[in-house]
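First comes the structure, then the notes that go with it.
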Amino acid sequence: MMMLRKRRDAPPPSGGGAAPAERWRFRIYTVGVNPAAETALRNLRAICSKHLELEPTIEVVDLEQEPELALSHGIYAVPTVIRHHPLPLMKVIGDLSDRRRTLDGLAIGPR
Amino acid sequence: MLRYASAHHSSSDFAEAILQASADGVVVVDSEGLIVRCNPRAEELMGRPAEELVGSHFGTVSNPTTPGGSADVRLLHADGSARVVELRTARTTWKGSPVTVVSMRDMTRARDQAQSLRMLTAALEAAENAVQIADSSGRVEWVNPAFSRTTGYPAADVVGRTLQEVAELLGQQEVFLGTIEPSLQRGESWQGQLTGRHRNGRPFREERTITPVMGPSGTRRSFISVSTDISDRLEAQEQRERLLSIVEATPSLVGIAGRDGRVRFINRAGRRLLGLHEDDELDELRLEDIHPPEVVELIYRKGIPEAVRRGVWEGETAIRGPGGRETPMWQIILSHRSADGRLEYFSTVGQDLSRWKAAEAALKERVKELRTLYGVSRELAQSQRPLEERLARVVEILPPGWLYPSIAEARITWGDESFATPGFRETPWMLSSPIRPGGWEAGRVEVALTEERAPQDEGEGPFLSEERELLDAVAAAIGEAAQRDKLQQEFVGAQKMETIGRLAGGAAHDFNNLLSVIRAHADTILGDLPPDSAHVDDLSRILRATEQGAVLTAQLLAFSRKQTLEESVVRLPRLIQGLEPSLRRLIPATVELHVEAAPETPAIRVDPAKLDRVLLNLVINAVDAIHGEGRVTLRVDRETLSAREAAALADELPPGPYATLTVVDTGSGMSPEVATRVFEPFFTTKPEGKGTGLGLSMAFGFVRQSRGHIEVKSAPGAGTALVLRFPAVTDEEVRDEAPPQPSRNPPATLRGVRVLLVDDDERVRRALHRMLSQAGLEIRQAASGPEALALDPAVLQATDLLMTDLVMPSMSGIELTRRLRRLHPHLGVVLMSGYAPEELRSAVGGTPEGEAHDAGAPPAEPFHPEMLSKPFSMAEAAAAIRRALN
Chain A
105 MMMLRKRRDA PPPSGGGAAP AERWRFRIYT VGVNPAAETA LRNLRAICSK HLELEPTIEV
165 VDLEQEPELA LSHGIYAVPT VIRHHPLPLM KVIGDLSDRR RTLDGLAIGP R
Chain B
15 MLRYASAHHS SSDFAEAILQ ASADGVVVVD SEGLIVRCNP RAEELMGRPA EELVGSHFGT
75 VSNPTTPGGS ADVRLLHADG SARVVELRTA RTTWKGSPVT VVSMRDMTRA RDQAQSLRML
135 TAALEAAENA VQIADSSGRV EWVNPAFSRT TGYPAADVVG RTLQEVAELL GQQEVFLGTI
195 EPSLQRGESW QGQLTGRHRN GRPFREERTI TPVMGPSGTR RSFISVSTDI SDRLEAQEQR
255 ERLLSIVEAT PSLVGIAGRD GRVRFINRAG RRLLGLHEDD ELDELRLEDI HPPEVVELIY
315 RKGIPEAVRR GVWEGETAIR GPGGRETPMW QIILSHRSAD GRLEYFSTVG QDLSRWKAAE
375 AALKERVKEL RTLYGVSREL AQSQRPLEER LARVVEILPP GWLYPSIAEA RITWGDESFA
435 TPGFRETPWM LSSPIRPGGW EAGRVEVALT EERAPQDEGE GPFLSEEREL LDAVAAAIGE
495 AAQRDKLQQE FVGAQKMETI GRLAGGAAHD FNNLLSVIRA HADTILGDLP PDSAHVDDLS
555 RILRATEQGA VLTAQLLAFS RKQTLEESVV RLPRLIQGLE PSLRRLIPAT VELHVEAAPE
615 TPAIRVDPAK LDRVLLNLVI NAVDAIHGEG RVTLRVDRET LSAREAAALA DELPPGPYAT
675 LTVVDTGSGM SPEVATRVFE PFFTTKPEGK GTGLGLSMAF GFVRQSRGHI EVKSAPGAGT
735 ALVLRFPAVT DEEVRDEAPP QPSRNPPATL RGVRVLLVDD DERVRRALHR MLSQAGLEIR
795 QAASGPEALA LDPAVLQATD LLMTDLVMPS MSGIELTRRL RRLHPHLGVV LMSGYAPEEL
855 RSAVGGTPEG EAHDAGAPPA EPFHPEMLSK PFSMAEAAAA IRRALN
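Protein chains in written order, with the working numbering: chain A, 105 to 215; chain B, 15 to 900.
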């Protein structure tokens with residue numbers, strides 16, 4: 105099982121820098137080892153690689169390690185995925201296995 | 015309307031009431047994800063009051079939990095705890111805006127239960143015990159893999175069947191119906207051992223518990239059956255029992271003792287050695303009770319310390335059995351340690367060495383005997399020493415080979431002589447073995463003990479059976495040495511006889527030529543004289559003297575194996591029968607004659623007339639050897655000589671069946687020196703004038719010429735036996751013996767027959783010329799073969815008969831015959847010789863045709879030249895010439 109600890113994905117390789125597209129940023133909240141969060145991460149990657157030009161930055165936040173973040177970030181359930189760039193902030197609860205609701209919830213793809 | 019309004023109103027109130035009463039938490043989220051409404055249960059689940067929740071950002075629910083789905087969403091409580099929830103969503107409008115109703119069911123408890131169940135199931139699936147779970151009606155709902163392993167039936171084969179049906183499948187229905195079911199019916203659990211039949215037919219043993227599980231109200235809800243496969247355990251137990259039975263059955267002692275030295279186990283062999291009974295207590299047994307003191311010391315000092323240090327010790331010990339009887343043992347002591355190296359107990363295996371010790375002692379005896387036998391053989395092999403000297407040494411070697419060397423004495427008796435160890439005397443404890451070289455007892459070997467000893471279990475008195483064998487072996491070795499000596503002497507004797515034979519034969523040949531001359535001339539003169547002449551008588555005396563001389567030369571020729579034999583198939587019993595009356599006439603009244611003729615004596619091929627003469631001679635000799643009363647036995651029998659026996663008698667005597675003719679007398683016998691010379695011509699022990707000394711020589715030559723063997727056995731005072739052996743003829747030869755051919759009519763007269771006479775001796779030629787021409791034959795002479803062949807072919811062509819000497823310097827008579835017959839195939843031939851070798855007759859007979867054949871000529875009729883032994887009378891010559899011309 106992939107261990108989810110607080111970590112930042114490595115920045116994408118510089119592709120010349122002059123790309124007009126923005127690099128999206130997400131945060132996934134989990135509590136300890138959580139299979140649903142793993143699924144959520146996998147699903148998010150898959151969706152992004154399909155609908156986004158650039159590979160997004162995904163930050164995994166373990167609320168077991170930093171419980172205070174739950175309150176400050178307004179997280180009611182795990183897993184929760186937040187799109188915090190570009191704004192507006194979008195928030196989705198669940199493992200993102202419902203593709204349509206996920207696209208809607210995170211406002212990705214054809215609108 | 016009112017009703018509608020009321021309904022409308024009440025519908026809103028109703029929804030509100032549901033929200034308030036719901037066991038699930040409910041939040042209503044607008045399109046931005048902000049909470050616009052929540053119920054008390056949601057406040058409870060999230061640990062936050064409605065005031066805090068409403069207006070806060072909940073977010074979109076990406077995927078509602080589907081029943082059995084894997085979504086694992088946890089709701090975070092304000093206190094930091096998290097609860098697993100099942101999320102369901104529904105979209106609707108509220109106050110004109112689209113909203114999502116999210117219901118949240120707390121699944122923590124259910125999930126924990128499912129988890130427990132999963133763990134329990136996993137535990138049961140991993141268990142070694144076979145488990146069946148049946149519902150209240152006894153129908154199997156679930157079995158674990160161990161069940162399938164034990165029984166061979168996969169879950170699919172048993173799920174849905176009743177416990178009873180499963181019991182039938184496993185061949186357990188009897189026990190099931192007999193005890194299990196009644197017990198379950200009473201609501202009691204059942205426990206016991208069962209034998210089941212695996213699907214592959216192999217039996218297994220299980221220890222099983224079936225428990226009815228009761229519901230809260232006391233109703234039966236299910237059955238749980240748990241089995242432990244004890245086949246392995248039983249097998250291990252059987253294995254242990256098998257090992258134990260082997261240990262009990264082994265003839266070796268096996269014992270186990272604790273670290274404290276207490277005996278825990280001794281097998282049957284051990285108990286027998288120690289004189290213990292099956293149920294005797296072993297607890298009190300100590301090493302001191304088992305072993306003699308010196309062995310106890312050895313075990314304490316070396317055995318146990320070494321077993322402790324190295325794990326094993328082995329050595330020679332002894333066990334003290336009932337009555338203090340000690341048994342020698344080869345014992346191994348092993349120390350046994352637990353897995354962590356702690357010394358736990360000792361075991362020992364012991365082998366009874368009594369028999370081995372006995373075997374060792376016996377082996378030592380054998381070595382001693384072999385050494386003796388070797389010494390004896392080595393002594394006896396010193397053939398350059400006289401036998402007596404060797405025997406004197408052998409007798410000294412014997413006593414040390416005996417079980418009691420210090421009181422053993424030996425003696426060898428050989429003929430008249432005796433050799434003994436200094437202390438030898440005849441005692442009641444003696445062993446004796448005869449020496450029989452060639453089957454006759456010639457002496458004895460004896461061993462005497464000078465003191466009494468206990469008798470042996472298997473043997474003769476105080477002597478071991480091996481000692482009897484040793485003595486017999488020594489006697490046999492002496493016998494063989496004597497026999498070897500005798501053969502050696504015989505070989506020398508045979509060579510001497512051969513030389514004498516050649517000399518005698520040569521002399522007789524020349525002598526015969528001379529006699530031929532005298533006789534031929536005397537014959538001629540006698541023919542010329544008027545019958546009333548005074549010289550007729552003188553000439554007759556000359557002729558008689560030549561006849562006597564011819565008899566003498568004939569005897570010499572017989573000895574030198576060169577007499578003419580007219581052999582036919584003869585049956586000895588019949589021959590003896592015919593001869594018996596004349597033999598009885600020869601024998602004086604004081605001598606008894608025994609004739610023993612075995613009817614199965616095989617037929618032989620000999621000259622019967624000559625054999626008659628030989629037999630007469632032998633009987634006369636036998637009678638002469640008896641002074642006063644006595645007995646002569648004439649025995650005819652059969653004998654089959656093995657290759658070894660034949661070779662022992664004479665070189666080149668073939669093995670096979672023989673007819674034997676033995677003449678035994680009870681007379682004075684002969685010394686070995688005399689016995690070796692009896693066959694020499696002119697050797698006689700009879701007074702001057704009483705014998706020619708040619709009788710046995712003739713017999714010797716005759717038997718040898720007849721392919722047989724003659725042997726003399728005699729000892730002074732023990733009489734003499736002469737054994738004649740003749741090879742048996744086969745039945746075929748007996749049948750093939752053709753009846754004598756009737757002679758064809760000879761020409762009435764020989765007058766005018768043209769004869770070519772060839773002889774290298776001029777005197778013979780002249781004498782024959784005179785004799786033959788007197789009979790009217792026309793004679794041509796030649797002194798040699800080449801001279802004869804050089805004659806005018808016309809003369810040769812006109813010749814009727816060739817009379818030639820057989821032995822001539824430049825060309826033999828045979829060669830000459832061969833050449834002339836080639837020119838003149840119908841030439842008659844008479845071969846003359848001082849000898850009349852039988853063997854030449856066949857050689858001469860076969861060859862000329864062979865060569866004619868090679869030359870391409872038509873095969874001639876079988877050719878048999880006539881043989882004429884010198885000297886011959888005119889009558890004999892005339893008869894031979896007539897036969898040759900036929």
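Glycine included, each C-beta is placed from N, C-alpha and C at the ideal position. Note that the structure is predicted; figures quoted are calculated from it, not measured.
Range of the contiguous alpha helix (DSSP H) that encloses residue i
| i | result |
| --- | --- |
| B:Asp246 | Ser245 to Ala263 |
| B:Pro159 | Pro159 to Thr165 |
| B:Pro638 | Sequence check: residue 638 of chain B is Asp here, not Pro. Run containing B:Asp638: Pro622 to Ala639, per the alpha helix (DSSP H) assignment. |
| B:His549 | His549 to Phe573 |
| B:His535 | Ser479 to Asp542 |
| B:Pro587 | Leu586 to Leu600 |
| B:Ser287 | Residue 287 of chain B is actually Leu in this sequence, not Ser. Residues Arg282 to Leu288. |
Helix, strand or coil at residue i according to DSSP, with G and I counted as helix
| i | result |
| --- | --- |
| B:His305 | coil |
| B:Tyr314 | helix |
| B:Glu440 | coil |
| B:Gly644 | strand |
| B:Trp108 | strand |
| B:Ser728 | strand |
| B:Pro686 | helix |
| A:Glu159 | coil |
| B:His723 | strand |
| B:Met60 | helix |
| B:Met881 | strand |
| B:Phe740 | strand |
| B:Glu746 | helix |
| B:Arg758 | Only weak support exists for where B:Arg758 lies, its pLDDT of 42 falling under 50; the coordinates are left without a value. |
Status (buried if at least 16 other CB within 10 Å, exposed otherwise) for residue i
| i | result |
| --- | --- |
| B:Met118 | buried |
| B:Met881 | buried |
| B:Asp294 | exposed |
| B:Thr744 | exposed |
| B:Gln186 | buried |
| A:Lys195 | buried |
| B:Asp773 | buried |
| B:Arg369 | exposed |
| B:Asn527 | buried |
Chain B residues whose Cβ lies nearer than 9 Å to that of residue i
| i | result |
| --- | --- |
| A:Leu167 | Leu90, Gly94 and Ala96 |
| A:Val135 | Arg88, Leu90 and Ala96 |
Residue i: contacting residues in chain B (beta-carbon distance under 8 Å)
| i | result |
| --- | --- |
| A:Leu200 | Ser76 and Asn77 |
| A:Val196 | Gly73, Thr74, Val75 and Ser76 |
| A:Val182 | Val87, Arg88, Leu90 and Ala96 |
| A:Pro171 | Gly94 |
| A:Pro160 | Within 8 Å Cβ-Cβ: nothing; A:Pro160 doesn't reach chain B, min ~17 Å. |
| A:Arg205 | Thr74, Val75, Ser76 and Asn77 |
Contacts of residue i in chain A (Cβ-Cβ under 7 Å)
| i | result |
| --- | --- |
| B:Gly907 | As displayed, chain B neither begins before 15 nor continues past 900, which places residue 907 of chain B out of reach and without an answer. |
| B:Ser70 | Gly178 |
Closer than 8 Å at the beta carbon, the chain A residues around residue i
| i | result |
| --- | --- |
| B:Met60 | Tyr180 |
Residue i: CB within 8 Å of a non-hydrogen atom of the ligand PLP
| i | result |
| --- | --- |
| B:Glu474 | This structure does not include the ligand PLP; it has no bound ligands of any sort. |
Boundaries (first-last residue) of the beta strand (DSSP E) holding residue i
| i | result |
| --- | --- |
| A:Thr184 | Thr184 to His189 |
Within chain B, the residues that residue i reaches when beta carbons sit closer than 7 Å
| i | result |
| --- | --- |
| A:Ala174 | Leu90 |
Would you mind listing the beta strand (DSSP E) stretches within the region 23-48 of chain B that are 3+ residues and don't spill past its ends, in chain order?
39-44
Run through the region 371-404 of chain B for me and flag every whole beta strand (DSSP E) of 3 or more residues, listed as ranges in chain order.
none
Unbroken alpha helix (DSSP H) runs of length 4 or more, entirely within the region 766-848 of chain B: which are they?
776-788, 799-803, 807-811 and 827-837
In the region 134-182 of chain A, which residue ranges form an unbroken alpha helix (DSSP H) of at least 4 residues, counting only runs that do not cross its ends?
139-155 and 172-176
Could you name each continuous beta strand (DSSP E) segment of 3 residues or more that falls completely within the region 172-212 of chain B, going from the start of the chain to the end?
204-211
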